[in-house]
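Engineer: If you scroll down you'll find the structure; I have some questions about it.
There are 2 protein chains.
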Amino acid sequence: MSTPELNPVSYVVLGLVARDGPSTPYELKTAVGRGIAHFWQFPHSQIYAESERLARLGLLAETREHSGRRRRTYRITRQGRAALAAWLAEPTSEPIQYRSLGLLQLYFGWFASPEDVAAIARTQAEMHRERSALWTKTFEALHGREDRRWQREVAEIAFKAEQSMAEQWE
Amino acid sequence: MSTPELNPVSYVVLGLVARDGPSTPYELKTAVGRGIAHFWQFPHSQIYAESERLARLGLLAETREHSGRRRRTYRITRQGRAALAAWLAEPTSEPIQYRSLGLLQLYFGWFASPEDVAAIARTQAEMHRERSALWTKTFEALHGREDRRWQREVAEIAFKAEQSMAEQWE
DNA sequence: TGGCAATAATCCGAATCGGATGGTCCTGAA
DNA sequence: TTCAGGACCATCCGATTCGGATTATTGCCA
Numbered sequence: 006m007s008t009p010e011l012n013p014v015s016y017v018v019l020g021l022v023a024r025d026g027p028s029t030p031y032e033l034k035t036a037v038g039r040g041i042a043h044f045w046q047f048p049h050s051q052i053y054a055e056s057e058r059l060a061r062l063g064l065l066a067e068t069r070e071h072s073g074r075r076r077r078t079y080r081i082t083r084q085g086r087a088a089l090a091a092w093l094a095e096p097t098s099e100p101i102q103y104r105s106l107g108l109l110q111l112y113f114g115w116f117a118s119p120e121d122v123a124a125i126a127r128t129q130a131e132m133h134r135e136r137s138a139l140w141t142k143t144f145e146a147l148h149g150r151e152d153r154r155w156q157r158e159v160a161e162i163a164f165k166a167e168q169s170m171a172e173q174w175e
Numbered sequence: 006m007s008t009p010e011l012n013p014v015s016y017v018v019l020g021l022v023a024r025d026g027p028s029t030p031y032e033l034k035t036a037v038g039r040g041i042a043h044f045w046q047f048p049h050s051q052i053y054a055e056s057e058r059l060a061r062l063g064l065l066a067e068t069r070e071h072s073g074r075r076r077r078t079y080r081i082t083r084q085g086r087a088a089l090a091a092w093l094a095e096p097t098s099e100p101i102q103y104r105s106l107g108l109l110q111l112y113f114g115w116f117a118s119p120e121d122v123a124a125i126a127r128t129q130a131e132m133h134r135e136r137s138a139l140w141t142k143t144f145e146a147l148h149g150r151e152d153r154r155w156q157r158e159v160a161e162i163a164f165k166a167e168q169s170m171a172e173q174w175e
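Chains A and B are the protein sequences, given in the same order. Sequential numbering of the first sequence, starting at 6, is according to the numbering used here. Sequential numbering of the second sequence, starting at 6, is according to the numbering used here.
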């Protein structure tokens with residue numbers, strides 16, 4: 006069926022609410038920051054906008070405090086779960102994008118001095134090493150959590166990719 | 006000095022004009038499509054808008070046909086070259102982003118059936134294999150071109166990354 | 001020579017982005 | 001007990017980005 010009006014942010018929000026149970030947008034935002042943002046950044050305002058939109062579409066249910074911070078809390082609906090499952094059942098072969106300023110700089114390395122290129126390579130290698138370490142930490146934090154199995158898998162793929170890049174830059 | 010009003014697209018345009026000599030935006034667009042777009046996509050309209058903007062900033066010089074298609078041709082100015090060199094002299098440690106729908110799907114694999122996850126992995130592995138091949142081709146096409154040394158290097162890094170991902174997904 | 005595909009540029013509404021702002025709540029030091 | 005400062009939380013909005021749609025020109029060849 007493929008619901009055309011859903012985009013990557015939609016699935017992030019849907020998936021996190023499904024995973025963590027009832028959540029406020031702020032909690033979603035920090036959850037994104039702790040995990041997904043390490044390979045794909047989404048601006049916080051999107052999270053707020055998107056959860057509202059998903060509620061309008063009936064994929065999330067919203068309850069709201071009546072005083073104080075008037076926090077909204079979202080929980081997933083049956084339709085929301087169905088949409089998430091439908092998306093997961095449809096593998097995509099859309100190519101990955103590596104948005105890396107370093108790679109872009111190297112691409113134009115012809116116009117830089119050898120020292121500049123060396124500096125870029127050093128900086129990139131270091132950055133990738135740091136990222137590797139971060140993914141290792143993520144991976145270890147997930148140790149033994151069977152319900153986080155696939156997140157661990159993501160951490161491992163990302164780790165290996167970072168490692169490969171670090172080696173290449175060296 | 007770091008000119009704050011320049012962004013990634015700016016350097017892509019600047020760099021390509023520097024590399025290829027006088028170019029029309031259309032040529033730039035296709036040049037992007039043949040190379041950079043394989044790891045970082047920029048919408049075509051940006052190329053047109055950006056070259057115009059760089060001309061206003063004095064980093065490109067514009068000449069325009071007076072009849073027919075009224076094509077604009079851009080060549081790089083001394084300031085343009087300087088801006089490009091200045092950017093290359095400033096390594097960035099901004100982390101890379103892997104925008105991959107497949108990775109996102111895997112992250113939420115808990116909500117998919119094992120068959121779904123398997124299908125995602127298969128599709129991703131295949132996609133990464135194809136990309137590997139594409140980078141190999143790019144690499145070979147650049148063989149012996151000393152002036153394309155760094156582009157070859159980019160191709161190699163990308164190739165290794167794709168390969169690593171393909172292996173992980175398998 | 002006429003029609004179709006490739007070339008080339010531009011437009012524009014929608015989506016995205018992220019910095020700024022402003023309010024609420026908690027904690028701990030005086 | 002109070003109150004100041006910092007963390008928490010939400011929203012806004014202008015600026016940019018995005019990419020599909022449109023229009024016009026040119027080259028090719030049946």
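The beta-carbon is built from N, C-alpha and C at its ideal position, and this holds for glycine as well. Source: prediction; values computed, not measured.
If L89(B) sits next to F113(A), beta carbons under 8 Å apart, how far is it from one beta carbon to the other, in whole angstroms?
Structural biologist: 7 Å
Engineer: By the criterion of Cβ-Cβ separation under 8 Å, what are the contact partners of T35(B) in chain A?
Structural biologist: Chain A residues near T35(B): none, gap ~16 Å exceeds 8 Å.
Engineer: DSSP three-state call for S28(B): helix, strand or coil?
Structural biologist: strand
Engineer: Which residues does DSSP pair with Q102(B) in a beta bridge?
Structural biologist: R104(A)
Engineer: Name, going along the chain, the residues of the stretch 44 to 55 of chain B whose beta-carbon falls closer than 8 Å to a beta-carbon of chain A.
Structural biologist: Interface annotation for the stretch 44 to 55 of chain B against chain A: F44, W45, Q46, criterion Cβ-Cβ distance under 8 Å.
Engineer: Starting from E161(B), follow the alpha helix (DSSP H) in both directions and report where the run begins and ends.
Structural biologist: Following the DSSP letters along the chain, one finds E161(B) inside the alpha helix (DSSP H) bounded by residues 154 to 174.
Engineer: Would you say W92(B) and Y103(A) are within 8 Å of each other, going by their C-beta atoms?
Structural biologist: no
Engineer: Taking the CB atoms as reference points, tell me whether R161(A) and L111(B) lie closer together than 8 Å.
Structural biologist: The identity of residue 161(A) in the sequence shown is Glu, whereas the question assumes Arg. 8 Å or more divides the Cβ of E161(A) from the Cβ of L111(B).
Engineer: Whole beta strand (DSSP E) runs in the stretch 46 to 131 of chain A with 3 or more residues, listed along the chain?
Structural biologist: Runs of the beta strand (DSSP E) inside the stretch 46 to 131 of chain A: 65 to 69, 77 to 81, 102 to 104.
Engineer: Could you say if the stretch 23 to 34 of chain B and the stretch 135 to 148 of chain B meet the contact criterion of at least three C-beta pairs nearer than 8 Å?
Structural biologist: no
Engineer: Quick check: the stretch 119 to 129 of chain B against the stretch 52 to 68 of chain A, are at least 3 beta-carbon pairs closer than 8 Å?
Structural biologist: Flag = no, the stretch 52 to 68 of chain A and the stretch 119 to 129 of chain B do not touch.
Engineer: Rounded to a whole number of angstroms, what is the C-alpha to C-alpha distance between A68(B) and I81(B)?
Structural biologist: Per the sequence shown, the amino acid found at residue 68(B) is Thr instead of Ala. Going from the Cα of T68(B) to the Cα of I81(B) covers about 12 Å.
Engineer: Starting from the beta carbon of S105(B), find every residue of chain A whose beta carbon is closer than 7 Å, and list them in chain order.
Structural biologist: The contacting residues are I101.
Engineer: Taking I52(A) and V22(A) to be in contact with their CB atoms under 8 Å, please state how far apart those CB atoms are, rounded to whole angstroms.
Structural biologist: The pair is not a contact, with the Cβ atoms about 11 Å apart (cut-off 8 Å).
Engineer: What residues of chain A sit near Q156(B), judged by a beta carbon separation below 7 Å?
Structural biologist: Y112
Engineer: State the DSSP-derived secondary structure class of G20(B), mapped to helix, strand or coil.
Structural biologist: G20(B) falls in the helix class under three-state DSSP.
Engineer: E55(A) and V14(A): beta carbons closer than 8 Å?
Structural biologist: yes
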